[in-house]
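One structure is given below, encoded as structure tokens.
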Amino acid sequence: MKHFKAVKKMALYSVAAVMGMAGTSAFAHTGIRDVVQENVAGYNAFTITHGCNDNVELGSHQDIIAMSTVFPNAADPAMAKIYKLTSTGIQGESVPDLSDDIVGVLPGVGFTKLGVGLVSGGGTLFANFLPTLDSTTAIRGYHTWAGPAPYSSAPLAEQVTSATGLSPFRYGAIQFQTTSCAKSLKVRIAVANWCRRGNRTKDLGDRLDVWMGHTTPVFHDQRTMPRAAPYDASVEVPYWPTMTIARDLVANPLTAACNGGYDLSIEPADADIDTFLPIPGGQYPAGAPGAKFFP
Ligand SMILES: [Cu+2]
29 MKHFKAVKKM ALYSVAAVMG MAGTSAFAHT GIRDVVQENV AGYNAFTITH
79 GCNDNVELGS HQDIIAMSTV FPNAADPAMA KIYKLTSTGI QGESVPDLSD
129 DIVGVLPGVG FTKLGVGLVS GGGTLFANFL PTLDSTTAIR GYHTWAGPAP
179 YSSAPLAEQV TSATGLSPFR YGAIQFQTTS CAKSLKVRIA VANWCRRGNR
229 TKDLGDRLDV WMGHTTPVFH DQRTMPRAAP YDASVEVPYW PTMTIARDLV
279 ANPLTAACNG GYDLSIEPAD ADIDTFLPIP GGQYPAGAPG AKFFP
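The sequence shown begins at 29 in our numbering and counts up one residue at a time.
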């Protein structure tokens, strides 16, 4: 996150503009590879472009040895936050659920239609991964790590240069309601990149990068966040790894009454992030031989 020292003195509006362009920069934060189209299921990936650093005490980037993710697809709608966005991407009115906008989402139910799935094989960043399952056995994200057990693999080397690691996942076909005025749904996903093993991992800002728009009770160190200062989402766009689902405006046009429509965002709630983002201490899978990865 070294590059943000230079920009953090700029006006807030300029910082928001820089963040918006981060997806095209060689020094971008962890993000999402592709914008996806309405009604098309497919494969996407997190783009991990640099290792852990500290927003306050700047130094070299650390190699990444593990990563964890949380998607906003809880069955309980209270476990996600949904916003209508203004034309400049600022969070506006909050929306209780996506039932007015996404086909198949029932009133009072969360965004279970997202269809998150894991990918093994070519392109997998680390040799080991496990899904995080909630009480409904839905896949809410995953933990993936370089070893030492059950498989030992290389870390994502970031100390010399910024290499982009791709960590793939699967997603389902999402369809907008014909009566909705949403022209896209921005799926914000919480990500943590880990650069050291052991308990101290969570205490030091150069050992962990947490990619989401604000701190939570568990992830409360601003030095690990996308930048050293908190965002005010009512005046600027917070940084999140974001998978944009674009409405098919030819097959499913907005009505004239929509006045051009709006974008929606959905992100996991703090309690959901704090439940599923930490990598629990222990061996994976349970009973695997070798040293614990996060003792
Ligand atoms: Cu960065």
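Quick reminder that beta carbons are idealized off the backbone N, C-alpha and C, glycines included.
Any heavy atom of ligand 1 closer than 7 Å to the CB of residue i?
i, result
"H57", "yes"
"H78", "yes"
State the beta-bridge partners of residue i as determined by DSSP.
i, result
"V246", "V246 pairs with nothing; no bridge assigned."
"K214", "T272, S293"
"D237", "N221"
"Q119", "L113"
"R198", "Y71, G145"
"T58", "Bridge partners of T58: none, in fact."
"V64", "I273"
"F204", "I130"
"I92", "L184"
"A108", "P296"
"V98", "G169, A218"
"I76", "G193"
Below 8 Å on the Cβ atoms is my contact criterion, and I expect residue i with residue j to pass it. Report the Cβ-Cβ distance as a whole number of Å.
i, j, result
"T75", "T192", "6 Å"
"L282", "C209", "6 Å"
"L305", "A218", "6 Å"
"I118", "C223", "Not really, about 32 Å apart at Cβ, beyond 8 Å."
"S122", "K109", "7 Å"
"G145", "R225", "Not quite, the Cβ-Cβ distance comes to about 28 Å (not below 8 Å), so this is no contact."
"P100", "E295", "5 Å"
"K211", "L277", "7 Å"
"R61", "L194", "7 Å"
"D162", "A220", "In fact, because the Cβ distance is near 18 Å, the residues do not count as touching under 8 Å."
"L213", "I273", "5 Å"
"N81", "Q203", "Their Cβ separation, rounded to whole angstroms, is 40 Å, which puts N81 and Q203 out of contact at 8 Å."
"Q205", "I130", "7 Å"
When you measure from the CB of residue i to every non-hydrogen atom of ligand 3, does any distance come out below 7 Å?
i, result
"A285", "Ligands displayed in this structure: ligand 1; ligand 3 is not among them."
Worksheet item: Fully enclosed by the region 267-292, which beta strand (DSSP E) runs are 3 residues long or longer?
Response: 270-274
Which ranges does the beta strand (DSSP E) cover as unbroken runs of at least 3 residues, wholly within the region 136-195, from first to last along the chain? 156-161, 167-173
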